[in-house]
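Novice: Protein chains in written order, with the numbering used here: chain A, 8 to 333; chain B, 8 to 333.
Okay, here's the structure, questions in a sec.
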């Protein structure tokens, strides 16, 4: 964890940025996807290094708890500026009490992932205030034959600080124009941290949520936990990403995500914004968890303001990315 | 909510005890099960009254939220001493902020149910300290052609105060001999209350848990939330009921409930007791949630002491129920 391997930011910008790939949760089932991910990320201009236990296996996990913890330590010693999870699954929750969040934050590395990785990102934010990136993962997003071009663009632009405004179609959103700390991620993981020291205590935040493979009643029950825990009412906006592969039942009789959102609107006065391109889908934005952002809606569109103008380099034009509906 | 309908306990014992059946959560799909339940409960010596919206339907719920809330109010006005849920599903979480727990506790009624009903029981305990009964539900446990005899016996004995000790096979339990407040129920519902005002703050308790249709990793993640929230370590014992219909995956590679329990033993010093006859299975005990109980293990058996000797009527013999393994 010496600083010797960490060249100053200015010098590093002249070289290909490095990505260190580690597997903090579920085992890698198709190692060939990681090879494709390295090739695809190389085409995007990144040098990838695969952690030596990234394809390890212990039961359903990518190696023992000790191996997965050691991977984070190796990532900190490696010169790569970006640390990306290969995939989610389940496993970070186990590691939370043993991760050195201070060292992770002090490294200045940019940690990227989603799904189970939400637990890492929120714990890092709770313990240190450090920003990390909710975004693509190597196997899931870059391991296929084709890579979603917009996902790749958004990843490159977000991490290089070029992306100022992410705009997306959001036809049934509440009116909002607010600024606050962006936080959230996978709803099940956000909810699983309630009551623990790993959930950041954020007032006036912009809470974004997505999930996969959760039925409508489970989504509602999780939102209710956030509501009854006093979390939802403290936010300036709730931004819903994609909820996919929702199991339904003949018992539902019209009860679905739309019904849940309608019901939620009756419970909270916080504006609800829909349509965020984020979740277990090929098209996903790369979002700074823990950074102050703006959110506004107008004429069926939503605008997530990631950078104020004065932050960008003067040779980058004002950069806005429109996301058409899928 | 007048006391006029509530005859003194001594007089009431001479008559058939009454059970008021209401549907606080999921819609009743097979109303004929409720008819069978009433007949079966009558054979056991109970007069059953079915709430007038017990078979109502609104989406997946047994009526609107307002209808389900009104059912609790009607139950309080009815002379029946016992209030039993017809079934679980999902729906009580929505009602929690609008239930009058003080009036419910002051009624002296004995509320019985499990699964989703856990949310009601724990909220009642958190808000008032009142004891309720984790036990059978009309449709699930009494609505079939045959009723599990032991479940019926345990229900009758527990509610009449005759059951002193519930003993069950528990071959791989940790040594324990402790007393504390019995609490818990369905793991997903216990966990969904963490961080909310509806989870009782119990130190030195005996926490019992069961669940259905949750994969091993979800069970572990829920236990981890209880662990990281500081709840598990404060208990004198964790008593595991049945975990059934657990979805498994080829990815698990040996990771299962046994692995989860082994892992949990490495995380907490609290004794873990297995084999409690409770869960989404025909054989279930009726357990006083919020009452002080004893728990002990010896020679592969566990003993849950529900009543001290001086509590029973002198004409009842010392009453112990042995549960052989299924």
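Cβ atoms here follow ideal geometry from the backbone N, Cα and C, with glycine treated the same way.
Just so we're clear, the structure is a prediction, and the values are computed from it rather than from any experiment.
List the endpoints of the continuous beta strand (DSSP E) containing residue 139 of chain A.
Specialist: It spans 139–141 - the beta strand (DSSP E) in which residue 139 of chain A sits, taken as one unbroken run.
Novice: Less than 6 Å between C-beta atoms, sequence neighbours within five positions excluded: which residues of the same chain meet that for residue 219 of chain B?
Specialist: So the qualifying residues of the chain are 251, 252, 287.
Novice: Who are the near neighbours of residue 52 of chain B in its chain, counting only those whose CB is closer than 8 Å to its CB and skipping five residues on each side?
Specialist: Within the same chain, residue 52 of chain B has close Cβ partners 23, 24, 163.
Novice: According to DSSP, is residue 38 of chain A part of a helix, a strand, or is it coil?
Specialist: Residue state, collapsed to three classes: helix.
Novice: Confirm, please, whether the CB-CB distance from residue 106 of chain B to residue 79 of chain B is below 8 Å.
Specialist: In this structure, residue 106 of chain B lies closer than 8 Å to residue 79 of chain B by Cβ.
Novice: Are the C-beta atoms of residue 100 of chain A and some chain B residue less than 8 Å apart?
Specialist: Yes, because at least one Cβ of chain B sits closer than 8 Å to the Cβ of residue 100 of chain A.
Novice: Can you name the residues of chain A whose CB is closer than 7 Å to the CB of residue 296 of chain B?
Specialist: Neighbours of residue 296 of chain B on chain A: none; closest Cβ ~19 Å, over 7 Å.
Novice: Quick one: does residue 236 of chain B have its CB under 8 Å from some CB of chain A?
Specialist: By this cut-off, residue 236 of chain B is an interface position.
Novice: How do the region 89–96 of chain A and the region 198–208 of chain A stand: do at least 3 beta-carbon pairs fall below 8 Å, yes or no?
Specialist: Because the criterion of three Cβ pairs below 8 Å is not met, the region 89–96 of chain A and the region 198–208 of chain A do not touch.
Novice: Strictly under 8 Å for the Cβ-Cβ distance: is residue 199 of chain B near chain E by that measure?
Specialist: Protein chains A and B are contained in the structure displayed, whereas chain E is not.
Novice: Go to residue 91 of chain B, then tell me how far its beta strand (DSSP E) extends in each direction, as first and last residue.
Specialist: Residues 89–92.
Novice: Tell me, please, whether the CB atom of residue 62 of chain B is closer than 8 Å to any CB atom in chain A?
Specialist: Answer no: the Cβ-Cβ gap between residue 62 of chain B and chain A never drops below 8 Å.
Novice: Does the beta carbon of residue 86 of chain A sit closer than 8 Å to a beta carbon anywhere in chain B?
Specialist: Not an interface residue.
Novice: How would you write the range of the alpha helix (DSSP H) that residue 173 of chain A sits in, first residue to last?
Specialist: Premise fails: residue 173 of chain A lies in the beta strand (DSSP E), 172–176, not in any alpha helix (DSSP H).
Novice: Where does residue 268 of chain B fall in DSSP's three states?
Specialist: Helix.
Novice: Using a cut-off of 8 Å between C-beta atoms, extract the partners of residue 147 of chain B located in chain A.
Specialist: Residues of chain A passing the Cβ test: none, with the nearest at roughly 15 Å.
Novice: Can you tell me whether DSSP reads residue 43 of chain A as helix, strand or coil?
Specialist: Note: residue 43 of chain A maps to helix in three-state DSSP.
Novice: Spatial neighbours of residue 135 of chain A within its chain, please: CB distance less than 7 Å, with the 5 preceding and 5 following residues excluded, ordered by chain position.
Specialist: Closer than 7 Å at the Cβ level, and outside the excluded window around residue 135 of chain A, lie 108, 109, 112.
Novice: Name the chain B residues whose beta carbon is nearer than 8 Å to that of residue 36 of chain A?
Specialist: 258, listed in chain order.
Novice: Can you list the alpha helix (DSSP H) stretches of 4 or more residues lying completely in the region 45–90 of chain A, in chain order?
Specialist: You should have 72–84.
Novice: Name the residues in the region 240–265 of chain B whose C-beta lies less than 7 Å from a C-beta of chain A; which are they?
Specialist: Hits within the stretch, in order: 258, 259, 260, 261, 262.
Novice: Please report the residue range of the alpha helix (DSSP H) in which residue 343 of chain B lies.
Specialist: Residue 343 of chain B lies beyond the range of chain B shown here (8 to 333); nothing can be said about it.
Novice: Starting from residue 311 of chain A, find everything on chain B with Cβ-Cβ shorter than 8 Å and list it in chain order.
Specialist: Within 8 Å Cβ-Cβ: nothing; residue 311 of chain A doesn't reach chain B, min ~27 Å.
Novice: Roughly how many whole angstroms lie between the Cα atoms of residue 189 of chain A and residue 63 of chain B?
Specialist: Answer to the nearest angstrom: the Cα atoms are 42 Å apart.
Novice: Please confirm whether residue 312 of chain B and residue 172 of chain B have their CB atoms less than 8 Å apart.
Specialist: A contact, by the Cβ cut-off of 8 Å.
Novice: Determine whether the Cβ of residue 120 of chain A lies closer than 8 Å to any Cβ atom of chain B.
Specialist: Cβ-Cβ to chain B under 8 Å: no for residue 120 of chain A.
Novice: Please report the Cβ distance between residue 100 of chain B and residue 126 of chain B, rounded to the nearest whole angstrom; I am assuming they are in contact, meaning their Cβ atoms lie under 8 Å.
Specialist: Right, the Cβ-Cβ distance comes to about 5 Å (below 8 Å), so this counts as a contact.
Novice: According to DSSP, is residue 275 of chain A helix, strand or coil?
Specialist: Correct three-state label for residue 275 of chain A: coil.
Novice: Using a C-beta cutoff of 8 Å, does residue 207 of chain B count as contacting chain A?
Specialist: Closer than 8 Å: no.
Novice: Would you mind telling me which residues of chain B sit closer than 8 Å to residue 105 of chain A, beta carbon to beta carbon, in chain order?
Specialist: Neighbours of residue 105 of chain A on chain B: none; closest Cβ ~11 Å, over 8 Å.
Novice: Out of A:82, A:271, A:181, which one is the CA nearest neighbour of residue 234 of chain A?
Specialist: Taking only the C-alpha atoms, the option nearest residue 234 of chain A is A:271.
Novice: Mind listing which residues of the region 62–76 of chain B have their C-beta closer than 8 Å to chain A's C-betas, in chain order?
Specialist: Listed in sequence order: 64, 66, 67, 68.
Novice: Using a Cβ-Cβ cut-off of 8 Å, state whether residue 56 of chain B counts as contacting chain A.
Specialist: Closer than 8 Å: no.
Novice: Going by DSSP in three states, residue 205 of chain B sits in which element: helix, strand or coil?
Specialist: Coil, per DSSP.
Novice: Going by beta-carbon coordinates alone, are residue 69 of chain B and residue 35 of chain B separated by less than 8 Å?
Specialist: Yes, these two residues count as a Cβ contact at 8 Å.
Novice: Can you give me the C-alpha to C-alpha distance between residue 332 of chain A and residue 175 of chain A, rounded to a whole angstrom?
Specialist: With a pLDDT of 47 at residue 332 of chain A, under the threshold of 50, the modelled position of that residue is not reliable, and no figure is offered here.
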